[in-house]
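*Asks:* Handing you a structure now.
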Amino acid sequence: MMFDKTVAALSTPYGRGAIAMIRMTGSDAIKVASAVFRPKSGKKLCDIPSAKAVYGDFVFEGGVIDDGMLTLYRAPRSYTGEDMAELCCHGGVLVSSLVLRALADAGASYAEGGEFTKRAFINGKLRLTSAEAIMDIIDAESIGALKLAGGANRGLLSGEAEYLYNELRHLIAATYAYIDYPDEDMADVTTDELKERVKALADRAETLKNSYKTGSAVCEGVKTVIAGKTNVGKSSLLNMLTGEQTAIVTEIPGTTRDIVTGNVVCGQVKLRLSDTAGIRETDDTVEKIGVELAKKALSDAGLVLAVFDGSEKPRDDDLAFISELKKLAAPVIAVINKSDLSDGEGYDGIFENTVHISAKNKEGKEKITELVEKLFISGKIDYDKPHIINSRQYAAVSGFINSCRAALSALESGETQDTACFDLEDALSDIAGLDGTDVKEDIINEIFSKFCVGK
Ligand SMILES: Nc1nc2c(ncn2[C@@H]2O[C@H](COP(=O)(O)OP(=O)(O)OP(=O)(O)O)[C@@H](O)[C@H]2O)c(=O)[nH]1
Ligand SMILES: [Mg+2]
């Protein structure tokens, strides 16, 4: 597909730096670049070979404003599949903006966030999971996240999606025979064989689905709520984990009211932390709202760091909080704080996962990390295996499995192969969607809107 507009954007961060790179894509890229860049060799841009950097001057309103390099890539052998130009000037805020303005004056439009990668996807240069992985590579905060995203970018997830798609497509074709897929091999399948092969596909997809626990913990991060009574040291724990003075700490109970957030990488797992107001009965209007927010955060947490003051024995309000924690779906790590004051007796054996720490003395991060890794990473991560790394991919694979299982139960209850095929068609469309075939335009737009401009 050809896009009408030729678009340009600054691809390096906005600000002062050694160099700035401005990228342009579209059918007029070379024409527009000719108006802005003059090779020192005197050659015309149409005579410059692809993928070869040339030195020259940048021109703005008729005058030279800088010197630098230009590289051209001609369709279809470029990132986007279109004609592209990459212009590198000095990394000044003014000079890079003037080069961009000169390109706009010569006919380029400003690119939207993710427009280069979106064009690459629509022009068939990238599968959707690889496009998403590019964003994850940019956003990676740990080596693990980088390696998982790198695997998806190399096509590990695409390859698995393609396998499931092709297998199921052949199976449906064999079942429908020539009605819908006249081009396919017409081998018949018995109902038993169909059941066996659909089950094998669903089981294989289940392994992929299970990889989301690790993929999500490493790449997206776990929504982690720090909760407990007032003054137990929740904000001190947040500060210890982030290594910064993120939240205010005082000896006054009820210091924290709003939710205070911070990210931290614990071993291989990224925690998206929320420090919350201490849970207690209160008449203070503002604190009351804080306590409600804390309770709400607990109900949709992926992990709870439940903080207790180990310098005191558990009291009735602690026991009431413990029984609330037991009702949660999310795993809980009991963090028995203030180990510098006492051993924290009375808390062992209540929770499956308990650590004794001193947030004030910044002691105990390793113990928390160990438990977090135990909860979210099963053994060593195999980076050569495909992993699901975002909720969209998870939904697609879950949809595939559910539809396969629905087809199986239809067959089990004596329905015809034709009837089971309705569910199998749904499964096929889910797995096609995983890698970008048959994905609705608004979903595509949403995915690419999260990208930075210039990527
Ligand atoms: N001795 C000791 N004191 C601590 C420790 N952690 C926190 N404190 C103290 O306990 C008091 C409360 O700490 P915060 O971190 O503000 O507690 P909080 O749970 O966030 O309190 P609220 O926001 O009021 O609910 C402060 O005086 C801290 O210095 C610890 O490990 N040891
Ligand atoms: Mg606090």
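In this text, residue positions in the sequence shown follow the numbering used here: the first is 1018, and each later residue adds one.
Beta carbons: idealized from backbone N, C-alpha and C, even for Gly.
All values derive from a computational prediction rather than experimental measurement.
#1: So, at 8 Å on beta carbons, what are the nonlocal neighbours of Ile1196 in its own chain, with the 5 sequence-adjacent residues on each side left out?
#2: Consider the C-beta atom of Ser1252 and the heavy atoms of ligand 2; say whether any pair is separated by less than 7 Å.
#3: Tell me where the alpha helix (DSSP H) around Asp1459 begins and ends.
#4: State the beta-bridge partners of Leu1320 as determined by DSSP.
#5: When burial is assigned at 16 or more other CB atoms within 10 Å of the CB, is Ile1350 buried or exposed?
#6: Under 8 Å between the Cβ atoms of Cys1421 and Val1277?
#7: Might you give, ordered along the chain, the residues of its own chain that have their beta carbon closer than 7 Å to the beta carbon of Asp1443, omitting 5 neighbours on each side?
#8: List the DSSP bridge partners of Asp1291.
#9: Rounded to the nearest angstrom, what separates Pro1199 and Thr1097 at their Cα positions?
#10: Is the stretch 1224–1236 close to the stretch 1262–1269, with three or more CB pairs under 8 Å?
#11: Per the DSSP calculation, Ser1126 is bridged to which residue(s)?
#12: How is the alpha helix (DSSP H) around His1404 delimited, first residue to last?
#13: Would you say the stretch 1426–1441 touches the stretch 1109–1127, given that touching needs at least three Cβ pairs under 8 Å?
#14: At the level of alpha carbons, what is the spacing between Gly1073 and Cys1105?
#15: Please classify Thr1273: does DSSP put it in a helix, a strand, or coil?
#16: What three-state label does DSSP hand Val960 in the structure shown?
#17: Going straight from the alpha carbon of Tyr1193 to that of Leu1441, what length do you get?
#18: Ala1162 and Cys1236: beta carbons closer than 8 Å?
#19: DSSP state of Ile1196, grouped into three classes?
#20: Once you ignore the five residues that flank Val1303 on each side, which residues in its own chain have a CB closer than 7 Å to its CB?
#21: Please report the distance separating the alpha-carbon of Asn1462 from that of Asn1378.
#22: So, does the stretch 1457–1472 touch the stretch 1148–1156, judging by three or more C-beta pairs under 8 Å?
#23: Between the Cα of Thr1207 and those of Arg1221, Glu1223 and Leu1188, spot the shortest distance and give me the residue it belongs to.
#24: Considering just the uninterrupted stretch of the alpha helix (DSSP H) at Asn1227, what are its terminal residues?
#25: In three-state DSSP terms, what is Gly1079?
#26: Distance, Cα to Cα, Ile1385 vs Asp1326?
#27: Between Ala1376 and ligand 1, is there a pair consisting of the residue's CB and a ligand heavy atom that are separated by less than 7 Å?
#28: Alpha carbon to alpha carbon, how far is Arg1289 from Gly1080?
#29: In angstroms with no decimal places, state the Cα-to-Cα distance between Ser1044 and Asp1401.
#30: Short check: CB of Ser1028 to CB of Lys1472, under 8 Å?
#31: Check the DSSP bridge columns for Glu1103 and list the partner residues they point to.
#32: Using only alpha-carbon positions, find the residue among Lys1060, Arg1171 and Gly1307 that is nearest to Ile1154.
#33: Taking the straight line between their C-alpha atoms, what separation do you get for Asn1407 and Leu1336?
#34: Can the beta-carbon of Val1321 be found closer than 8 Å to that of Val1242?
#35: Return the residue from the list Ala1025, Ile1082, Val1112 and Leu1087 that minimises the CA-CA distance to Ala1121.
#36: Going by C-alpha distance, which of Leu1428, Gly1032, Tyr1411 and Phe1020 is nearest Ala1222?
*Replies:* This is what the structure holds:
#1: Within the sequence shown, the letter at position 179 stands for residue 1196. The pLDDT assigned to Ile1196 is 44, lower than 50, so where the model puts this residue is not dependable; a value taken from the coordinates is nonetheless given after this. Correct list: empty, nothing qualifies.
#2: Translated into the one-based positions of the sequence shown, residue 1252 becomes position 235. Because some heavy atom of ligand 2 lies under 7 Å away, the Cβ of Ser1252 counts as near it: yes.
#3: One-based indexing of the sequence shown puts residue 1459 at position 442. Where Asp1459 is concerned, the enclosing alpha helix (DSSP H) stretches over Glu1458 to Ser1466.
#4: By 1-based counting over the sequence shown, the position of residue 1320 is 303. Leu1320 is bridged to Thr1241.
#5: Walking along the sequence shown from the start, residue 1350 turns up at place 333. It counts as buried.
#6: Start at 1 with the first residue of the sequence shown, and residue 1421 comes out as number 404. Start at 1 with the first residue of the sequence shown, and residue 1277 comes out as number 260. The answer is no: Cβ separation not under 8 Å.
#7: Here the question's residue 1443 lines up with position 426 in the sequence shown. So the qualifying residues of the chain are Ser1420.
#8: Here residue 1291 refers to the residue found at position 274 when the sequence shown is read from its first residue. One detail in the question is off: residue 1291 reads as Ser in this sequence, not Asp. For Ser1291, which the question treats as bridged, DSSP gives the partners Val1242 and Thr1278.
#9: Locating residue 1199 in the sequence shown gives position 182, counting from the first residue. Locating residue 1097 in the sequence shown gives position 80, counting from the first residue. A caution first: Pro1199 carries a pLDDT of 47, below 50, which makes its placement in the model unreliable, though a value can still be read off. Using only the alpha carbons, I get a separation of about 35 Å.
#10: no
#11: Here the question's residue 1126 lines up with position 109 in the sequence shown. Val1024.
#12: As a working mapping, residue 1404 is identified with position 387 in the sequence shown. Run containing His1404: none; DSSP gives neither H nor E here.
#13: no
#14: Your numbering for residue 1073 matches position 56 in the sequence shown. Your numbering for residue 1105 matches position 88 in the sequence shown. Rounded to whole angstroms, Gly1073 to Cys1105 spans 10 Å at the Cα level.
#15: Counting from 1 along the sequence shown, the entry for residue 1273 is found at position 256. It is coil, neither helix nor strand.
#16: Residue 960 cannot be examined here, being either before or after the span of the chain that is shown, 1018 to 1472.
#17: What you label residue 1193 is simply residue 176 of the sequence shown in a count that begins at 1. What you label residue 1441 is simply residue 424 of the sequence shown in a count that begins at 1. Each residue's Cα considered, the two are about 11 Å apart.
#18: As a position in the sequence shown, residue 1162 is number 145, starting the count at 1. As a position in the sequence shown, residue 1236 is number 219, starting the count at 1. Yes; because the gap between Cβ atoms is below 8 Å, this pair is in contact.
#19: As a first step, residue 1196 is located in the sequence shown; it is residue number 179 there, counting from the start. At Ile1196, the pLDDT of 44 sits below 50, so the modelled position is not reliable; the number obtained from the coordinates is stated separately. DSSP places Ile1196 in coil when its eight states are reduced to three.
#20: Against the sequence shown, residue 1303 aligns to sequence position 286. Contacts found: Arg1274.
#21: Stepping through the sequence shown from its first residue, residue 1462 is reached at position 445. Stepping through the sequence shown from its first residue, residue 1378 is reached at position 361. When rounded, the distance between both Cα atoms is 47 Å.
#22: yes
#23: Here residue 1207 refers to the residue found at position 190 of the sequence shown. When only C-alpha atoms are compared, the closest one is Leu1188.
#24: Walking along the sequence shown from the start, residue 1227 turns up at place 210. Unbroken alpha helix (DSSP H) run through Asn1227: Thr1208 to Gly1232.
#25: Translated into the one-based positions of the sequence shown, residue 1079 becomes position 62. Correct three-state label for Gly1079: coil.
#26: Here residue 1385 refers to the residue found at position 368 when the sequence shown is read from its first residue. Here residue 1326 refers to the residue found at position 309 when the sequence shown is read from its first residue. Cα to Cα, Ile1385 sits roughly 16 Å from Asp1326.
#27: Walking along the sequence shown from the start, residue 1376 turns up at place 359. Yes; taking the cut-off as 7 Å, the Cβ of Ala1376 has a heavy atom of ligand 1 nearer than that.
#28: Translated into the one-based positions of the sequence shown, residue 1289 becomes position 272. Translated into the one-based positions of the sequence shown, residue 1080 becomes position 63. Between Arg1289 and Gly1080, the C-alpha separation is close to 50 Å.
#29: As a working note, residue 1044 is residue 27 in the sequence shown. As a working note, residue 1401 is residue 384 in the sequence shown. C-alpha separation (whole angstroms): 38 Å.
#30: Residue mapping note: residue 1028 aligns to position 11 of the sequence shown, counting from 1. Residue mapping note: residue 1472 aligns to position 455 of the sequence shown, counting from 1. Yes, the pair counts as a contact, with Cβ atoms nearer than the cut-off.
#31: Numbered from 1 along the sequence shown, position 86 holds the residue referred to as residue 1103. Arg1040 and Thr1088, per the DSSP bridge assignment.
#32: For this step, residue 1154 is matched to residue 137 along the sequence shown. The candidate whose alpha carbon is nearest that of Ile1154 is Arg1171.
#33: On the sequence shown, position 390 is the one that residue 1407 refers to. On the sequence shown, position 319 is the one that residue 1336 refers to. Between Asn1407 and Leu1336, the C-alpha separation is close to 37 Å.
#34: The sequence position of residue 1321 within the sequence shown is 304, counting from 1. The sequence position of residue 1242 within the sequence shown is 225, counting from 1. Yes; because the gap between Cβ atoms is below 8 Å, this pair is in contact.
#35: By one-based count along the sequence shown, residue 1121 stands at place 104. Measuring from the Cα of Ala1121, the nearest candidate turns out to be Ala1025.
#36: On the sequence shown, residue 1222 is found 205 positions in, with the first residue counted as 1. Nearest of Leu1428, Gly1032, Tyr1411 and Phe1020 to Ala1222, Cα basis: Tyr1411.
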